[in-house]
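Each remark here refers to the structure printed beneath this line.
So, in structure tokens, the structure goes:
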């Protein structure tokens, strides 16, 4: 959980190398796109009007607006050049004469979902995330800047990758082989105590920013997904976390922080992080502070629940212990109006459906609509995309999912979307 090891890219990696990486990913993606798609299987070929965009009309479905909770039957969504031009009741929407269409009669239509904590290392993983309904996402970091290349792939071929906020490499005490991700990181390999000094912490943040990272990822506790580590052991102090946050802010970026222990969560929030990740043992006092500061909470319930299914007895027991505690933390956060955001923490090639995280949010005590908002409007706000994703309204991205059932009655339908549309292109 959090970042699986992956081989470094060949040769010297520079900003030009990022573009080369994007091109390599695009080549892999081209092979993927040659395979029979869902659209082809249903006899539809929505037209591309420009690089990475399409024209499409989705008609006849029941449209849900997560922002208002308003439901529109027999709705029409008109997408042109990858952008929503109109959405609403059929009687109020003019349908272009030559429009290609997707029949959604008897189905529900929602905006594409957002996975606010995911690790995407390959084009195949990025494609799978979109197929699962995550048309936008925030990276939880990668080992060698693969997420920055995935972000560029998404701009060139949006049907092959989610719109992505990239985090670059993890700001963590032991970088391991990640020192090979950039020549400017290699001097840190000489540090006996790892990345702990103020100078070293700032250096990793600065290299990430130079590489074009949209957010910075750090940690305050060890990992829960490794049996030899203690997730309650603290690896960075309040002062060290403050250095990371300050360096990120100088570059105009926020910080997401891997956290488990009560003290670790409190130190991270007081240091000024933008979002608390996992946060199993977050205290009521810290939740109140998060509400005051506007700090978001990304509990990654599906990742923690996955521990309980592990064949490793240490991890299985850890999961069984953590899940009820985390559910209670989510319930308390919701009652205190702490912004909750959905994230799967998918990694290592195992891409979990973002709909499963929404389902678990609902099981933790959120209404179906509030659970859906954690993967739409609230997640969009955290990513700074509130004017682009999370709704199907004029000017928003032409990203949507079609599901077989009423998600306000059964949120589990979000786990298996019948159709996914990304920038007007049907997968």
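Residue numbers (my numbering): 181 to 607.
Each residue gets a CB set at the ideal place from its N, CA and C atoms; glycine is no exception.
It should be emphasised that the depicted structure is a prediction, and the values quoted were computed from it without experimental measurement.
- Residue burial is scored here from C-beta neighbours: residue 401 has at least 16 other C-beta atoms within 10 angstroms and is therefore classed as buried.
- Exclusion of the five residues before and after residue 462 leaves 445, 509 as the residues of its chain whose Cβ lies within less than 6 Å of its Cβ.
- With contact defined as three or more Cβ pairs closer than 8 Å, the segment 522 to 537 and the segment 311 to 331 are in contact.
- Residue 592 sits in a helix when the DSSP states are folded into three classes.
- For residue 237, the uninterrupted beta strand (DSSP E) run begins and ends at 233 to 244, by DSSP.
- Only residues of its own chain outside the window of five on either side were considered, and among them 404, 458, 460, 499, 502, 503, 506 have a CB closer than 8 Å to the CB of residue 484, listed in chain order.
- Put simply, the segment 428 to 438 touches the segment 385 to 392. At least three CB pairs are less than 8 Å apart.
- C-alpha of residue 539 to C-alpha of residue 588: approximately 11 Å in a straight line.
- Bounds of any alpha helix (DSSP H) do not take in residue 291; it lies within the beta strand (DSSP E) bounded by 288 to 291.
- Within the same chain, Cβ atoms closer than 7 Å to the Cβ of residue 396 are found at 347, 351, 385, 388, 424, 428, 433, 435, the five residues on either side in sequence being excluded.
- Contact holds between the segment 235 to 255 and the segment 281 to 300, because three or more Cβ pairs, one in each stretch, are under 8 Å apart.
- Contact between residue 310 and residue 607 holds: CB atoms are separated by about 6 Å, below the 8 Å threshold.
- Residue 267 and residue 333 have their C-alpha atoms spaced approximately 28 Å apart.
- Buried is the label assigned to residue 414, since at least 16 other Cβ atoms lie within 10 Å of its Cβ.
- Between residue 521 and residue 475, the CB-CB gap reaches or exceeds 7 Å.
- Nearest neighbour of residue 488 by Cα position, chosen from 373, 355, 557, 407, turns out to be 407.
- Assignment of residue 534 by DSSP, reduced to helix, strand and coil, places it in the helix class.
- Remark: C-beta atoms of residue 234 and residue 604 approach each other more closely than 7 Å.
- For residue 258, the uninterrupted beta strand (DSSP E) segment begins and ends at 251 to 260.
- Scanning 469, 568, 464, 412 for the CA closest to the CA of residue 315 turns up 568.
- Of the candidates 341, 361, 269, 361 places its Cα closest to the Cα of residue 324.
- In this chain, the alpha helix (DSSP H) harbouring residue 380 covers 378 to 391.
- A straight-line Cα-Cα distance of about 13 Å links residue 477 and residue 537.
- In this structure, residue 440 sits away from residue 479, with a CB-CB distance that is not shorter than 7 Å.
- In the three-state reduction of the DSSP assignment, residue 272 falls in the helix class.
- Cβ-Cβ separation between residue 566 and residue 560: approximately 5 Å, consistent with a contact (criterion under 8 Å).
- DSSP assignment within the segment 472 to 551 yields the following whole alpha helix (DSSP H) runs of 4 residues or more, N-terminal first: 481 to 487, 493 to 515, 534 to 543.
- Distance from the CA of residue 302 to the CA of residue 549, rounded to the nearest whole angstrom, comes to 32 Å.
- Just so you know, the alpha carbons of residue 486 and residue 270 end up roughly 43 Å apart.
- DSSP places residue 319 outside any alpha helix (DSSP H); the residue lies instead in the beta strand (DSSP E), whose first and last residues are 314 to 319.
- For residue 311, there is no enclosing beta strand (DSSP E); the enclosing alpha helix (DSSP H) covers residues 303 to 311.
- Per DSSP, reduced to three states, the secondary structure at residue 334 is helical.
- Beta-bridge pairing by DSSP links residue 455 to 436, 476.
- For the beta strand (DSSP E) assignment, the uninterrupted runs of no fewer than 3 residues enclosed by the segment 396 to 448 are, from N- to C-terminal side, 396 to 399, 435 to 439.
- Non-local beta-carbon contacts of residue 450 in its own chain, meaning distances under 8 Å to residues more than five positions away in sequence, involve 418, 469 in chain order.
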